[in-house]
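Read the structure below first, then the notes.
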């Protein structure tokens, strides 16, 4: 992303939290773009978060999603659970190109906002990741177009 934007630089104001505190909705600012000029979308976050919970991607820090209580994360990560590996069931969805909704098992924990700065919560471009295949993130030319 241009100018090394942090997550909070990408959000348009504070997130909207539901009355039961189990749903948090983020709106992305206009004009946030990848270095190649394509816009960063809410779907880029959904893809990135789901990929971080896909066992085939061999994620190292997916436990952060379960620790935060994101819906289904603990089940997706538990090899003994029938939901294991069903990363598309993670409690995150794009309501439109600029709106990201995160659902929690319990009220959102206060530390959730601080872990959003971790790379695991950054967006990923599905087209770029798939084009790179097994070479994704293996060197400077195989990184997301930041």
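Residue numbers (the numbering used here): 223 to 368. The beta carbon of each residue, even a glycine, is placed where N, CA and C say it ideally should be. Quick caveat: nothing in here was measured; it's all calculated off a predicted structure.
Looking only at its chain, what residues have a beta carbon closer than 7 angstroms to the beta carbon of residue i, apart from the 5 residues adjacent to it on each side?
{"i": "residue 232", "result": "250, 251, 254, 262"}
{"i": "residue 291", "result": "326, 327, 328, 331"}
{"i": "residue 243", "result": "329, 330"}
Which first and last residues belong to the alpha helix (DSSP H) in which residue i is found?
{"i": "residue 351", "result": "348-354"}
{"i": "residue 272", "result": "264-273"}
{"i": "residue 372", "result": "Since the displayed the chain opens at 223 and closes at 368, residue 372 lies outside it and no answer follows."}
{"i": "residue 248", "result": "Residue 248 -> not in any alpha helix (DSSP H); beta strand (DSSP E) instead, spanning 245-249."}
Quick one, are the C-beta atoms of residue i and residue j less than 8 angstroms apart?
{"i": "residue 259", "j": "residue 346", "result": "no"}
{"i": "residue 315", "j": "residue 246", "result": "no"}
{"i": "residue 282", "j": "residue 337", "result": "no"}
Please classify residue i as buried or exposed, where buried requires at least 16 other C-beta atoms within 10 Å of its C-beta.
{"i": "residue 357", "result": "exposed"}
{"i": "residue 312", "result": "buried"}
{"i": "residue 225", "result": "Bear in mind that a pLDDT of 41 at residue 225, under 50, signals an unreliable position, so the model cannot answer this."}
{"i": "residue 322", "result": "buried"}
{"i": "residue 303", "result": "exposed"}
{"i": "residue 275", "result": "buried"}
{"i": "residue 295", "result": "buried"}
To the nearest whole angstrom, what separates the beta carbons of residue i and residue j, a pair I think is in contact under 8 angstroms?
{"i": "residue 352", "j": "residue 264", "result": "About 19 angstroms separates the two Cβ atoms, so there is no contact after all."}
Considering only residues of the same chain and omitting the five flanking positions on each side of residue i, which have a CB-CB separation below 8 angstroms?
{"i": "residue 300", "result": "306"}
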